[in-house]
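The sequence shown stops at residue 421 when you use my numbering, and every number in between is there. Heads up: the structure comes next, in structure tokens.
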Amino acid sequence: MIVLKGRVLDGNGGPPIEQGAVVLEGNRIRLVCRQSELPELEGTQCYTTQNATILPGLIDAHVHMGWGSATAVEWLSMTPQLSMARALRDMAQLRQQGYTAFRDLGSDVILLKPAVAEGLLDVPRIFGAGKILSQIGGHGDVYQKLSLEGSLGAYSPAFLVTGEDEVRRACRINARNGADLIKIMTTGGVFSQGDKATPHSHFSAAEIRAAVEEAENMGSYVSTHAQANRGIKMALKNGVKCIEHGFYLDEECIELMLKNDCFLVPTLAIMHASKTYFSRTPGVLPYLREKTERSYEAHYRSLEMARKAGVQVGVGCDFLGDESFGCPYSQATLELERLCAAGYTPMEVISMATKTNARLLLMEDELGTLEPGKLADVLLVSGDPGTDIQVLRQEENVKLVIQDGRIVKNGLDSQTRQ
Ligand SMILES: [Zn+2]
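This is how it looks when you write it as structure tokens:
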């Protein structure tokens, strides 16, 4: 048994338990209580640290393991081997930050699940979409300067599909590969040349509904990359459960999201990293800089509407794993800071990155809060992220990472072990 002592933030967002304790037995949480209420326990290992805080393992709800810089040139030279090697680096960096699970919205990382099951890899819990579904010429059509034939033949993070049958086929290939949800793209994006930030949408209503039906047949849901208003609404009106980015929301979108119990994952961190990069890098294509800046303001306005209306908001950085672009996974907790900058309290953001994100992984009964019976994915941190979210940015503050009851990172020196 493992006993952790410190201030307990249980992930529900309520006031912390000061002088608290969390007892783990096997891969489950056995007890969450005050230290004064701890029963006599035999054979326990006890851990604490200076100004200790105990919280659920963090979950990132929007990652792409193994992508790298994600430029067209980069995609052309991509191989499955290189992508997997990068994915291993990305997952190791996430774990050092205190992430014990993630939702991957487009990459081949789900193909590593059998290796995890075989005990060959020790990584955060993988919940992934497999390849993205995009329309021809959409955001997932990463080689828009190539001929269509060239584009369809090259390594790609997306299936370029047309019509309901191709949508269903792509969903079933993903399901066959172990996908946990379906990711589609109902608008273009900041980085795809030719896409407009102004009203537009991708995929027909019938194509979107086909993806939704296939996802429901898998016992899951569809999440969409959607930035422009028309593509957000098309998705919301046709059964999509989660909007990624959501730059241009309006009242109707908010109403639909509330009515249909939908989620928004704004991914503020990648936009922040992009804006920072473009502003300090000479020679950036003007369309990129302009699109980024226009979207940036709209993004925060939309999130403000969602926050005030009480839309469920998940936490995902949407990083690429690219150090030079300012978005390596070692900085994934930038997303938590940006959400605080957007008006959420640190306690709210911690609850969103644990409890809300566990719902996005369809694991709310097992993960996301510190409650007896749940899986033991728990962090011991030095400092109080409940009052200062930046505590989590320094990975040396994340002293213990426990996943499934096992200590997978131990940054405590021997004096602080009791
Ligand atoms: Zn993404």
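The beta-carbon is built from N, C-alpha and C at its ideal position, and this holds for glycine as well. All values derive from a computational prediction rather than experimental measurement.
query, result
"Run of the beta strand (DSSP E) containing Q22, from where it starts to where it stops", "20-28"
"Reduced DSSP secondary structure (H/G/I, E/B, other) of H275", "helix"
"Length-filtered (3 minimum) beta strand (DSSP E) runs lying within the stretch 30-76", "31-37, 48-50, 55-59, 61-66"
"Beta bridge counterpart(s) of F1 as assigned by DSSP", "For the chain, the structure presents residues 4 to 421; residue 1 sits outside this window and is missing."
"V352 - containing alpha helix (DSSP H), residue span", "349-354"
"R10 beta carbon less than 8 Å from that of G3", "Residue 3 falls outside the range modelled here, since the chain spans only 4 to 421, and no answer is possible."
"Residues of its chain near N54, where Cβ-Cβ distance is below 7 Å and the 5 sequence neighbours each way are ignored", "S385, G386, D387"
"V265, DSSP secondary structure in three states", "Checking the displayed sequence, the identity of residue 265 turns out to be Cys instead of Val. In this structure, C265 counts as coil in the three-state DSSP scheme."
"Integer-rounded CB distance, given that S72 should sit under 8 Å from L323", "6 Å"
"Cβ pair I62, A272 closer than 8 Å", "no"
"D107 Cβ short of 7 Å to ligand 1 heavy atom set", "no"
"Given L41 as reference, the closest of V6, G16, L12, V404 once Cα atoms are compared", "V6"
"Whether D183 touches G131 by CB criterion (8 Å)", "yes"
"Supposed contact pair C256 and Y224 - C-beta distance, whole angstroms, cut 8 Å", "Between C256 and Y224 the Cβ distance is about 17 Å, and since that is not below 8 Å, they are no contact."
"A218 and I185 closer than 8 Å at C-beta", "yes"
"Inter-residue spacing [alpha-carbon to alpha-carbon] between L373 and A104", "15 Å"
"Unbroken beta strand (DSSP E) run spanning Q147, endpoints", "No beta strand (DSSP E) holds Q147; DSSP gives it neither H nor E."
"C-alpha distance - G143 paired with I135, whole-angstrom precision", "7 Å"
"Anticipated Cβ contact below 8 Å, G222 with K116, distance rounded", "Between K116 and G222 the Cβ distance is about 16 Å, and since that is not below 8 Å, they are no contact."
"Inter-residue spacing [alpha-carbon to alpha-carbon] between R212 and G166", "11 Å"
"Nearest-angstrom Cα separation, counted from G101 out to Q315", "23 Å"
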